[in-house]
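Numbering (the working numbering), first residue to last: 183 to 374.
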């Protein structure tokens, strides 16, 4: 089965060593669903997803985004030696404001190992920043993270994301109210 490509992008695959991002592959969506359900406490997702929900989402939302001139999301499978270990990309894209929100989720087992998580999140950021910004026209990338994820925040800040604000008492996780931290990365596009 041939992988789909985003018509908005000239280059759809970006590589670094043995890692690669490629447009979200249908063969990876059920793995991703399990990771999302296992890590629901760090996501804005409120209910567990069924296999049917995931297929419907892929076909009706992700599938259509491959052909749109201004998709609301651009998602990638994150691969190590051609095996999916995570996924992410840009969500809640606002084309009028030239901004996208970064999204990332790693395989639950890998994500539970702090050093692996930090290393592979840094690699994912390197790959996603390898996408042609001039083509997308983004001026700003934002990230929303619950304050219970200090390792995630540290990677963002070390990569160059700047803390912007805190939304207090934003979500209930495991019986505890947590805050959301907003970071942003302003892109510097050179004029030719």
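Ideal Cβ positions, reconstructed from N, Cα and C, are used throughout, including at glycine.
Keep in mind the model is a prediction, meaning the values are calculated, not measured.
Residue range of the alpha helix (DSSP H) that includes residue i
i	result
residue 375	Because residue 375 is not part of the residues shown, which for the chain are 183 to 374, the question remains open.
residue 292	290–293
residue 262	Unbroken run through residue 262 is the beta strand (DSSP E), 256–262; no alpha helix (DSSP H).
residue 316	315–318
Nonlocal neighbours in the same chain, by C-beta distance under 6 Å from residue i, ignoring five residues either side
i	result
residue 334	327
residue 210	259, 266
residue 190	none
Close beta carbons around residue i, own chain, < 7 Å, minus the five adjacent residues each side
i	result
residue 219	230, 231
residue 223	355, 356
Limits of the beta strand (DSSP E) - the one that residue i falls within
i	result
residue 206	Element bounds for residue 206: n/a, residue is neither H nor E.
residue 304	Residue 304 -> not in any beta strand (DSSP E); alpha helix (DSSP H) instead, spanning 296–310.
residue 276	265–276
residue 197	196–198
Identified DSSP bridge partners for residue i
i	result
residue 365	325, 345
residue 284	272
residue 355	358
Selection from the options that minimises the alpha carbon distance to residue i
i	options	result
residue 313	247, 344, 369, 264	369
residue 239	259, 224, 215	215
residue 288	271, 321, 189, 276	271
residue 247	347, 205, 233	205
residue 256	186, 344, 346, 349	186
residue 283	261, 367, 222, 198	367
residue 225	324, 307, 286	286
residue 277	221, 309, 322	322
residue 346	300, 324, 279	324
residue 261	188, 228, 195	195
Beta-carbon contacts of residue i that lie in its chain and below 8 Å, excluding the five residues immediately before and after
i	result
residue 304	337, 340, 341
residue 274	254, 255, 282, 283
residue 408	Since the first and last residues shown for the chain are 183 and 374, residue 408 lies out of range.
residue 198	305, 308, 309, 312
residue 348	329, 361, 362, 363, 364
residue 200	262, 263
Three CB pairs or more closer than 8 Å across the segment 244–263 and the segment 358–366 | With a cut-off of 8 Å, the segment 358–366 and the segment 244–263 do not count as touching, because too few Cβ pairs lie within range.
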